[in-house]
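Residue numbers 1 to 302, in UniProt numbering, belong to the letters of the sequence shown in order.
A virtual CB, placed ideally from N, CA and C, is assigned to each residue, including glycine.
Since this is a predicted model, take the numbers as computed values, not measurements.
Reading through the structure tokens given below for one structure.
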Amino acid sequence: MAAVTGATRGSLAARRIALTVVGLVFAVPIAAMVAFSLRSADGTGHDLNHWLAIVDPENERAYRNLVEGVTNSLVLAVVAAVLVLVLLVPAMVLVHLRYPRLARPLEFVCLVPITVPAIVLVVGLAPVYSAVTRVAGSGAWTLAFAYGITVLPYAYRAVQSDLAGTDLRTLTEAARTLGAGWPQIMLRVVVPTLRRGLLAAAFITVAVVLGEFTIASLLNRVTLQTALVQVSKSDPYAAVVFALLALGFAFVLLVVIGRIGSRAPGGRAGRATPIAATVSTTAPVPPAPSAPPSAPARKALS
């Protein structure tokens, strides 16, 4: 018992040390960025002038390109997340339920982009985007197609880990037995069941879009990263301030997604979805085992 307790304490101590080291790795650069953004113009003290400058109407012209990059990145994040979830999740569910032999080919196709460098990917996408520009224009939102390919391996792993831990086949068969169609099954069975994986895939997509630079730069699109590089040449303080705001946005998004993922599918803890509740109420109750016959009854039977 003492040995088990000692091993448990050692494991907890190792976890705390690892978390502390990882926290310092992330905290030290962020603290340095905050200190740099608060440095006064003459370098003798600290103030909020650089933070107030980004909301000053007189600086609107100087930061117009940066505001455009932030707006484009947010639009790209939403469009890329919708494309990945709408196209990837139904394909994975269909392969999982109907065509399990295609699981390996689908995994291979989804994981290939992680082995291709971004520069090589841009070279292959350049002819494609020449046609996309003629059809859909040259708006920054068209980068969502390339970002969807880039984020595909991470989104696949996030959804697959959740899909492998659930008995989705039994749930879908029960829903079809109750008369639900495939659209209803996707919305009321698959999405609540895989909500953690879907939220993780969406968050990874947003993180990749906010941090991607190579594709946007080589395809001449204005995004957050390309705008930060341009602004940093003339005003490095503004670039650091906007980078901190992007990190804060990502942190808030992570907290919101974690809170949503920890809730039950029905919106409150312990509340079941309508189909799940119907399955539980209509499931047949197994009969109770009968008691063995008494001694006089056995004598009468004999």
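Rounded to the nearest angstrom, what separates Val229 and Ala239 at their Cα positions?
Start at 1 with the first residue of the sequence shown, and residue 229 comes out as number 229. Start at 1 with the first residue of the sequence shown, and residue 239 comes out as number 239. Going from the Cα of Val229 to the Cα of Ala239 covers about 8 Å.
In terms of residue numbering, what span does the alpha helix (DSSP H) encompassing His46 cover?
Taking the first residue of the sequence shown as position 1, residue 46 is located at position 46. Unbroken run through His46: none, as it is neither H nor E.
Report yes if the CB atom of Val70 is closer than 8 Å to the CB atom of Ala155, and no otherwise.
Walking along the sequence shown from the start, residue 70 turns up at place 70. Walking along the sequence shown from the start, residue 155 turns up at place 155. The answer is no: Cβ separation not under 8 Å.
If we ignore side chains and look at the alpha-carbon of each, how far apart do Arg16 and Asp42 end up?
Locating residue 16 in the sequence shown gives position 16, counting from the first residue. Locating residue 42 in the sequence shown gives position 42, counting from the first residue. Straight-line Cα distance between these residues: approximately 41 Å.
In terms of alpha-carbon separation, which member of Leu66, Glu107, Ile119 lies closest to Ser234?
For the purposes of this step, residue 234 is taken as residue 234 along the sequence shown, with counting starting at 1. Closest option to Ser234, Cα to Cα, is Leu66.
In whole angstroms, give me the CA-to-CA distance for Gly10 and Val28.
Here residue 10 refers to the residue found at position 10 when the sequence shown is read from its first residue. Here residue 28 refers to the residue found at position 28 when the sequence shown is read from its first residue. Cα to Cα, the separation comes out at about 27 Å.
If you draw a straight line from the C-alpha of residue 303 to the C-alpha of Thr177, how long is it?
There is simply no residue 303 to check, as the chain begins at 1 and stops at 302 in what is shown.
Can you check whether the CB of Val255 is closer than 8 Å to the CB of Thr205?
Here residue 205 is taken as the residue at index 205 of the sequence shown, counted from 1. Here residue 255 is taken as the residue at index 255 of the sequence shown, counted from 1. Their beta carbons are not under 8 Å apart, which means Thr205 does not touch Val255 by this criterion.
Would you list the residues sitting across from Val221 in a DSSP beta bridge?
Residue 221 sits at position 221 when you count from the first residue of the sequence shown. In the sequence under discussion, the amino acid at residue 221 is Arg, which differs from the Val named in the question. Answer by DSSP bridge pairing: none, since Arg221 is not bridged.
In angstroms, rounded to a whole number, what distance separates the CA positions of Ala31 and Ala62?
Along the sequence shown, read from residue 1 onward, the residue named residue 31 stands at position 31. Along the sequence shown, read from residue 1 onward, the residue named residue 62 stands at position 62. Their Cα atoms are separated by approximately 26 Å.
Among residues of its own chain, excluding the 5 on either side of Val122, which ones have a beta-carbon nearer than 6 Å to its beta-carbon?
Position 122 of the sequence shown, counted from the first residue, corresponds to residue 122. Result list for Val122: Ile215, Leu218, in chain order.
In terms of residues, what are the limits of the alpha helix (DSSP H) holding Ser73?
Counting from one through the sequence shown, the residue named residue 73 turns up at place 73. Its alpha helix (DSSP H) spans residues 64-97.
If you compare alpha carbons, which of Leu94, Pro117, Val116 is closest to Leu106?
Here residue 106 refers to the residue found at position 106 when the sequence shown is read from its first residue. Residue Leu94 is the option with its Cα nearest to Leu106.
Excluding the five sequence neighbours on either side, which residues of its own chain have a C-beta within less than 7 Å of the C-beta of Ala158, listed in chain order?
For the purposes of this step, residue 158 is taken as the residue at position 158 of the sequence shown. Excluding sequence neighbours, Ala158 sits near Gly197, Ala200, Ala201, Ile204.
Determine the extent of the alpha helix (DSSP H) in which Ser130 is found, giving its start and end residues.
Working through the sequence shown from its first residue, we reach residue 130 at position 130. 118-136 is the span of the alpha helix (DSSP H), which, as asked, contains Ser130.
Using a 10 Å radius around the Cβ and a threshold of 16 neighbouring Cβ atoms, would you call Leu194 buried or exposed?
To locate residue 194, count along the sequence shown from 1; it is residue 194. The residue is buried, with at least 16 neighbouring Cβ atoms inside 10 Å.
Distance check for Ile114 and Ala227, CA to CA, integer angstroms please.
In the sequence shown, the residue the question calls residue 227 occupies position 227. In the sequence shown, the residue the question calls residue 114 occupies position 114. Computed Cα separation, rounded: 25 Å.
Which one of Phe242, Gly248, Val191, Ser232 has the shortest CA to CA distance from Val86?
Here residue 86 refers to the residue found at position 86 when the sequence shown is read from its first residue. Measuring from the Cα of Val86, the nearest candidate turns out to be Val191.
Since Ala103 and Leu210 are thought to touch, with beta carbons under 8 Å apart, how far apart are those beta carbons, to the nearest angstrom?
Locating residue 103 in the sequence shown gives position 103, counting from the first residue. Locating residue 210 in the sequence shown gives position 210, counting from the first residue. Actually they are not in contact, since the Cβ atoms of Ala103 and Leu210 sit about 31 Å apart, beyond 8 Å.
Cα separation between Ala81 and Gly148?
To locate residue 81, count along the sequence shown from 1; it is residue 81. To locate residue 148, count along the sequence shown from 1; it is residue 148. If I take the Cα positions, the gap works out to 8 Å.
Answer with buried or exposed for Thr170, where buried requires no fewer than 16 other C-beta atoms within 10 angstroms of its C-beta.
Sequence index remark: in the sequence shown, residue 170 carries index 170 (1-based). Exposed: under 16 other Cβ atoms inside 10 Å.
Whole angstroms are fine: how far does the CA of Val128 sit from the CA of Leu111?
As a working mapping, residue 111 is identified with position 111 in the sequence shown. As a working mapping, residue 128 is identified with position 128 in the sequence shown. Those two C-alpha atoms are separated by around 21 Å.
I'd like to confirm the pairing. Which residues does DSSP put opposite Arg39 in its beta bridges?
Locating residue 39 in the sequence shown gives position 39, where the first residue counts as 1. According to DSSP, which records beta bridges pairwise, Arg39 is partnered with His46.
If I measure Cβ to Cβ from His46 and keep anything under 8 Å in the same chain, skipping five residues before and after, which residues do I get?
As a first step, residue 46 must be located in the sequence shown, where it is residue number 46. Closer than 8 Å at Cβ, skipping near neighbours: Ala35, Leu38, Arg39, Ser40.
Considering only residues of the same chain and omitting the five flanking positions on each side of Gly137, which have a CB-CB separation below 8 Å?
Numbered from its first residue, the sequence shown carries residue 137 at position 137. Nothing meets the Cβ criterion.
Let me know the secondary structure DSSP gives Ser234 once reduced to three states.
Walking along the sequence shown from the start, residue 234 turns up at place 234. Correct three-state label for Ser234: coil.
Within the same chain, show all residues whose beta-carbon is closer than 6 Å to that of Thr166, passing over the 5 residues directly before and after it, in chain order.
Within the sequence shown, residue 166 is the residue found at index 166, counting from 1. Cβ neighbours of Thr166 beyond the five flanking positions: Thr193.
Check whether the Cβ atoms of Leu143 and Arg221 sit closer than 8 Å, and answer yes or no.
Translated into the one-based positions of the sequence shown, residue 143 becomes position 143. Translated into the one-based positions of the sequence shown, residue 221 becomes position 221. Contact: yes.
Assign Phe203 to one of three DSSP states: helix, strand, or coil.
For the purposes of this step, residue 203 is identified with residue 203 of the sequence shown, where counting begins at 1. Phe203: helix per DSSP, three-state reduction.
Taking its Cβ as the centre, do 16 or more other Cβ atoms sit within 10 Å of Glu212, making it buried, or is it exposed?
The sequence position of residue 212 within the sequence shown is 212, counting from 1. Buried: at least 16 other Cβ atoms inside 10 Å.
In its own chain, which residues sit with a C-beta less than 8 Å from the C-beta of Leu88, not counting the 5 before and 5 after it?
The residue you call residue 88 lines up with position 88 of the sequence shown. If we look at Leu88 and ignore the five residues flanking it on each side, its Cβ neighbours are Cys110, Leu152, Ala155, Tyr156, Val159, Ala201.
Are Ala207 and Ala250 touching if we call contact CB-CB under 8 Å?
Sequence index remark: in the sequence shown, residue 207 carries index 207 (1-based). Sequence index remark: in the sequence shown, residue 250 carries index 250 (1-based). Yes, Cβ-Cβ distance for Ala207 and Ala250 is below 8 Å.
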